[in-house]
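Undergrad: Each residue of the sequence shown is one higher than the last, beginning at 1 in our numbering. Note that the Cβ used here is the ideal one computed from N, Cα and C, for glycine as well. Please read these numbers as outputs of a predicted model, since none were measured by experiment. One structure follows; several queries about it will come next.
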Amino acid sequence: MEDSAVEARESGLSKTLSRGQVIMISLGGAIGTSLFLSSGIALGYAGPAVLVSFAIAGFIAVAMVLSLSEMAVAHPTAGSFGVYAETYLNPWAGFVVRYTYWFAQVIATGFEAVAAGVYMTYWLPGAPVWLFALGFAAIVLVVNCRSVSTFGSVEYWFSFIKVTAIVLFIVIGAARILGVGAAPVGLANLYTLPGGFMPHGLHGLWMAVILGLLSYVGIEVIAVTSGEVANPEKAIPAALRTMAVRLFLFYVLALGVLAAVIPWTQIGGSVSVAGSPFVKVLTLSGIPYAAPIMNFVVISAALSGMNTNVYLCSRMLFSLARGNYAPRALGRLDKAGAPVTATLVSGVVILTAIVAAKFTPKAYAYLQGVALFGAIMVWMIILVSHLRFRQRHRAADLVVRMPLFPAMQIAGLGLLAALLITMGLDKDWSLSWIVGVPWLILLSLGYFLWKRAARVAA
Numbered sequence: 001m002e003d004s005a006v007e008a009r010e011s012g013l014s015k016t017l018s019r020g021q022v023i024m025i026s027l028g029g030a031i032g033t034s035l036f037l038s039s040g041i042a043l044g045y046a047g048p049a050v051l052v053s054f055a056i057a058g059f060i061a062v063a064m065v066l067s068l069s070e071m072a073v074a075h076p077t078a079g080s081f082g083v084y085a086e087t088y089l090n091p092w093a094g095f096v097v098r099y100t101y102w103f104a105q106v107i108a109t110g111f112e113a114v115a116a117g118v119y120m121t122y123w124l125p126g127a128p129v130w131l132f133a134l135g136f137a138a139i140v141l142v143v144n145c146r147s148v149s150t151f152g153s154v155e156y157w158f159s160f161i162k163v164t165a166i167v168l169f170i171v172i173g174a175a176r177i178l179g180v181g182a183a184p185v186g187l188a189n190l191y192t193l194p195g196g197f198m199p200h201g202l203h204g205l206w207m208a209v210i211l212g213l214l215s216y217v218g219i220e221v222i223a224v225t226s227g228e229v230a231n232p233e234k235a236i237p238a239a240l241r242t243m244a245v246r247l248f249l250f251y252v253l254a255l256g257v258l259a260a261v262i263p264w265t266q267i268g269g270s271v272s273v274a275g276s277p278f279v280k281v282l283t284l285s286g287i288p289y290a291a292p293i294m295n296f297v298v299i300s301a302a303l304s305g306m307n308t309n310v311y312l313c314s315r316m317l318f319s320l321a322r323g324n325y326a327p328r329a330l331g332r333l334d335k336a337g338a339p340v341t342a343t344l345v346s347g348v349v350i351l352t353a354i355v356a357a358k359f360t361p362k363a364y365a366y367l368q369g370v371a372l373f374g375a376i377m378v379w380m381i382i383l384v385s386h387l388r389f390r391q392r393h394r395a396a397d398l399v400v401r402m403p404l405f406p407a408m409q410i411a412g413l414g415l416l417a418a419l420l421i422t423m424g425l426d427k428d429w430s431l432s433w434i435v436g437v438p439w440l441i442l443l444s445l446g447y448f449l450w451k452r453a454a455r456v457a458a
C-alpha cells in the first residue's frame with residue numbers, strides 16, 4: 001500500500017479533537033481501575049519490589065507508545081497500528097491485529113461495566129448489578145454515537161477526576177511518610193519487613209510485571225486519536241513529551257507511597273473497593289469518608305475506561321470496513337463524521353459480554369484470556385511494524401523520532417516475548433494461551449476465507 005493511500009482510505013472522520021483533549025485522553029488511557037484496585041494483587045506478588053516491576057512494564061509501554069506515535073504522526077489514521085501492520089508487514093497482520101484488539105476492548109468494556117455496577121452496590125446494597133452495567137454501557141454508547149468532540153469533552157473530565165485523585169493521593173501519602181501533622185512513617189516498610197525489598201525473589205518481581213503491563217494497556221489510544229485531531233504533528237508530540245514522567249508519577253510513585261505507608265503484608269491481594277489499598281492510606285491519614293470518595297473515583301475510572309474502549313472498538317471496525325475486511329456499512333459516517341454503525345455493532349457485542357459475565361462466569365474468564373493474550377500480541381506487532389517502518393523512512397525526515405532506536409524496540413520485544421512464555425507456563429495465567437492460540441488460528445482461517453470470497457466476488 002502506498003503511504004498516501006493510508007490517510008485517503010480512512011478519510012471523512014471529523015478532526016475536532018483539541019491538543020488538550022488528546023493529552024487528557026492519553027492520560028486516561030494509561031490510568032485504569034487496575035491502579036486503584038489491582039495494586040494489592042501486584043503487591044502480593046512482589047512486595048515492595050513492585051516498584052521495579054511497574055518500572056519494567058513502564059519501559060515496555062514507553063518503547064511501544066513512542067514507536068506507535070512516530071508512525072501516527074506520519075500516518076494519522078483511525079486504524080492506527082492495524083493499518084501500520086498491514087502497510088509495513090502484510091494484510092494478514094493488519095487483519096489479525098485489528099480484530100484481536102477490537103475483541104479485547106469489547107471484553108474489557110464489558111468487564112468495566114460489570115465492575116462499575118458492582119461499585120454502585122456500595123451505596124445501593126442488593127441492587128441488580130447487571131442493570132447498572134447495562135445502564136453505564138448505554139451511556140457511553142450514546143456519548144460515542146455523537147461527535148468526536150463530545151467524546152473528547154467527556155473523556156477530558158473523566159481523566160481529570162482520575163489524575164486529580166492520584167495527585168492528591170501522592171501528596172497525602174507523602175505527608176504521612178514525612179510526618180506532616182502526625183508521626184512520620186518513613187520508608188522502613190520498603191525494606192525492613194520479612195524478606196526485605198524483594199520478599200518473593202525475582203519470580204515474584206517478574207510475575208508482577210504482567211499486572212503492570214496490563215495496567216498500561218489502553219495507552220495506544222494516543223495513536224488512534226491521530227486521525228481525528230486537527231494538527232497531529234503538534235498534538236501527538238505534545239502528549240508524548242511528558243509520557244514517561246506521567247507513567248512514573250501515576251504508577252511507580254503512587255505504588256511507592258502505598259508500600260511505604262502500609263506494610264505490604266497487610267494489603268497484598270486486596271482487590272475490593274472497601275479493601276482497596278488506596279482507601280486504607282486515606283483512612284490512616286484521617287480523611288473522612290475515604291471509602292465513598294474512592295468509590296466515586298473508581299466508578300469514574302471505570303466509566304472512563306469504557307468510554308475510551310468504545311471509541312477504540314468503533315475505530316477498529318471502521319478501519320476494517322474501509323480496508324474491505326468487514327461489511328462496508330461499518331465504514332459509514334454520519335453527518336458529524338462519527339462511525340455510528342461501527343459503534344452500535346460494538347455496543348451489541350459489549351452487551352453480550354455483560355450478559356456472559358452474569359450467567360456464564362467461566363465463559364467470561366475464557367474471553368478475558370483472549371484479551372490478555374491479544375494485548376501482548378498487539379504490542380509485539382506494533383514494535384515489529386515500527387522496525388519495518390524505519391526501513392522505509394529516514395530518521396531525518398520524521399517529525400517525531402524516538403530515542404535509542406532500535407535498542408528500545410528490540411528490548412521491548414524480548415521482554416514481551418518472555419512475558420508471553422511466562423504466562424503460558426504459569427497455571428494462573430496459562431488460560432491466556434489455552435484460548436489465545438485457538439483464537440489466532442480461527443481468526444487466520446477467517447482471514448483466508450474472507451480473501452477467497454473477495455477474489456470470487458471480483
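So, is R460 buried or exposed, given that buried needs 16 or more other C-beta atoms within 10 angstroms?
TA: The structure shown does not extend to residue 460, since the chain spans only 1 to 458, so no value can be given for it.
Undergrad: With which residues is V229 paired in a DSSP beta bridge?
TA: Position 229 of the sequence shown, counting from 1, holds the residue named residue 229. The partner list for V229 (beta bridge, DSSP) reads L17.
Undergrad: Between the C-alpha atoms of G201 and A61, what's the straight-line distance to the nearest angstrom?
TA: If you number the sequence shown from 1, residue 201 lands on position 201. If you number the sequence shown from 1, residue 61 lands on position 61. Distance between the alpha carbons of G201 and A61: 24 angstroms.
Undergrad: Figure out for me which residue from V437, S67, V167, C313 has the closest Cα to the Cα of L372.
TA: If you number the sequence shown from 1, residue 372 lands on position 372. Of V437, S67, V167, C313, the residue nearest in Cα terms is V437.
Undergrad: For M306 and N295, I'd like the C-alpha separation in whole angstroms.
TA: Taking the first residue of the sequence shown as position 1, residue 306 is located at position 306. Taking the first residue of the sequence shown as position 1, residue 295 is located at position 295. Taking the straight line from one Cα to the other gives about 16 angstroms.
Undergrad: Determine the contact status of A254 and L190, defining contact as a CB-CB distance below 8 angstroms.
TA: Sequence index remark: in the sequence shown, residue 254 carries index 254 (1-based). Sequence index remark: in the sequence shown, residue 190 carries index 190 (1-based). Going by C-beta atoms, A254 is not nearer than 8 angstroms to L190.
Undergrad: DSSP three-state call for I262: helix, strand or coil?
TA: Within the sequence shown, numbered from 1, the residue matching residue 262 stands at position 262. Looking at I262 - three-state DSSP - the assignment turns out to be coil, as it is neither helix nor strand.
Undergrad: Tell me the start and end of each unbroken alpha helix (DSSP H) in the segment 181-254 that is at least 4 residues and wholly inside, in chain order.
TA: Segments of the alpha helix (DSSP H) lying fully in the segment 181-254: 201-216, 221-224, 232-241, 243-247.
Undergrad: Counting only runs of 4+ residues fully inside the segment 15-103, write out the alpha helix (DSSP H) ranges in chain order.
TA: The qualifying runs are 19-30, 33-37, 39-46, 50-74, 80-88.
Undergrad: Could you tell me the distance, in whole angstroms, from the CA atom of F103 to the CA atom of I177?
TA: Locating residue 103 in the sequence shown gives position 103, counting from the first residue. Locating residue 177 in the sequence shown gives position 177, counting from the first residue. F103 and I177: Cα-Cα distance of roughly 43 angstroms.
Undergrad: Roughly how many angstroms lie between the CA atoms of W433 and V384, to the nearest whole one?
TA: For this step, residue 433 is matched to residue 433 along the sequence shown. For this step, residue 384 is matched to residue 384 along the sequence shown. Rounded to whole angstroms, W433 to V384 spans 21 angstroms at the Cα level.
Undergrad: Would you decide whether A407 is buried or exposed? Buried here means 16 or more other CB atoms lie within 10 Å of its CB.
TA: The residue labelled residue 407 in the question sits at position 407 within the sequence shown. So A407 ends up on the exposed side.
Undergrad: Can you give me the Cβ contacts of R246 inside the same chain, cut-off strictly under 8 angstroms, excluding the 5 residues immediately before and after it?
TA: Counting from one through the sequence shown, the residue named residue 246 turns up at place 246. Cβ within range, chain order: L27, A30.
Undergrad: DSSP three-state label for K280, please.
TA: By 1-based counting over the sequence shown, the position of residue 280 is 280. In this structure, K280 counts as helix in the three-state DSSP scheme.
Undergrad: Using only the alpha-carbon positions, how far apart do I166 and Y447 sit?
TA: Mapped onto the sequence shown, residue 166 falls at position 166. Mapped onto the sequence shown, residue 447 falls at position 447. Between I166 and Y447, the C-alpha separation is close to 43 angstroms.
Undergrad: Less than 8 angstroms between the C-beta atoms of V281 and F36, yes or no?
TA: In the sequence shown, the residue the question calls residue 281 occupies position 281. In the sequence shown, the residue the question calls residue 36 occupies position 36. Cβ distance not < 8 angstroms, so V281 and F36 don't count as in contact.
Undergrad: Alpha carbon to alpha carbon, what distance is there between F197 and L205?
TA: Translated into the one-based positions of the sequence shown, residue 205 becomes position 205. Translated into the one-based positions of the sequence shown, residue 197 becomes position 197. Distance between the alpha carbons of L205 and F197 is about 10 angstroms.
Undergrad: Would you tell me roughly how many angstroms separate the C-alpha atoms of L66 and M423, rounded to the nearest one?
TA: As a position in the sequence shown, residue 66 is number 66, starting the count at 1. As a position in the sequence shown, residue 423 is number 423, starting the count at 1. Distance between the alpha carbons of L66 and M423 is about 25 angstroms.
Undergrad: Going by C-alpha distance, which of L420, V355, T265, I376 is nearest I45?
TA: Position 45 of the sequence shown holds residue 45. As written in the sequence, residue 45 is Tyr, which differs from the Ile given in the question. The shortest C-alpha separation from Y45 is found at T265.
Undergrad: Taking 8 angstroms as the cut-off, decide whether the C-beta atoms of R9 and G323 are in contact.
TA: Within the sequence shown, the letter at position 9 stands for residue 9. Within the sequence shown, the letter at position 323 stands for residue 323. In this structure, G323 lies closer than 8 angstroms to R9 by Cβ.
Undergrad: Could you tell me how far apart the beta carbons of T100 and G374 are, in whole angstroms, since I believe they sit closer than 8 angstroms?
TA: The residue you call residue 100 lines up with position 100 of the sequence shown. The residue you call residue 374 lines up with position 374 of the sequence shown. At roughly 4 angstroms, the Cβ-Cβ gap stays under 8 angstroms, so T100 and G374 are in contact.
Undergrad: Can you name, in chain order, every residue of its own chain whose Cβ lies under 8 angstroms from the Cβ of T308, other than the five neighbours on each side?
TA: Locating residue 308 in the sequence shown gives position 308, where the first residue counts as 1. Excluding sequence neighbours, T308 sits near I25, G28, G29, E155, G218, V221.
Undergrad: For the 8 angstroms Cβ check, are there 3 or more pairs between the segment 110-119 and the segment 343-355?
TA: These segments touch.
Undergrad: Could you check the C-alpha separation between A342 and G58 for me, to the nearest Å?
TA: Here residue 342 refers to the residue found at position 342 when the sequence shown is read from its first residue. Here residue 58 refers to the residue found at position 58 when the sequence shown is read from its first residue. Straight-line Cα distance between these residues: approximately 32 angstroms.
Undergrad: Does DSSP put K358 in a helix, in a strand, or in coil?
TA: The residue you call residue 358 lines up with position 358 of the sequence shown. Three-state result, K358: helix.
Undergrad: Between the Cα of K234 and the Cα atoms of A291, V73, G195, F158, which residue gives the shortest distance?
TA: Within the sequence shown, numbered from 1, the residue matching residue 234 stands at position 234. Considering only alpha carbons, the answer is V73.
Undergrad: Taking just the CA atoms, how far does N231 sit from H386?
TA: Here residue 386 is taken as the residue at index 386 of the sequence shown, counted from 1. Here residue 231 is taken as the residue at index 231 of the sequence shown, counted from 1. Their backbone Cα atoms lie some 22 angstroms apart in a straight line.
Undergrad: Here's the rule I'm using: 16 or more other beta-carbon atoms within 10 Å means buried, otherwise exposed. How should A93 be labelled?
TA: Locating residue 93 in the sequence shown gives position 93, where the first residue counts as 1. Buried, by the Cβ-count rule.
Undergrad: Ordered along the chain, which non-local residues of its own chain (more than five positions away) have a Cβ less than 7 angstroms from that of V229?
TA: Against the sequence shown, residue 229 aligns to sequence position 229. Correct list, in chain order: K15, L17, V22, A235.
Undergrad: Based on Cα-Cα distance, which residue from S314, A238, A208 lies nearest to D426?
TA: As a working mapping, residue 426 is identified with position 426 in the sequence shown. It is A208 whose Cα lies nearest to the Cα of D426.
Undergrad: Please report how far the alpha carbon of W157 lies from the alpha carbon of A457, in whole angstroms.
TA: For the purposes of this step, residue 157 is taken as the residue at position 157 of the sequence shown. For the purposes of this step, residue 457 is taken as the residue at position 457 of the sequence shown. Their backbone Cα atoms lie some 47 angstroms apart in a straight line.
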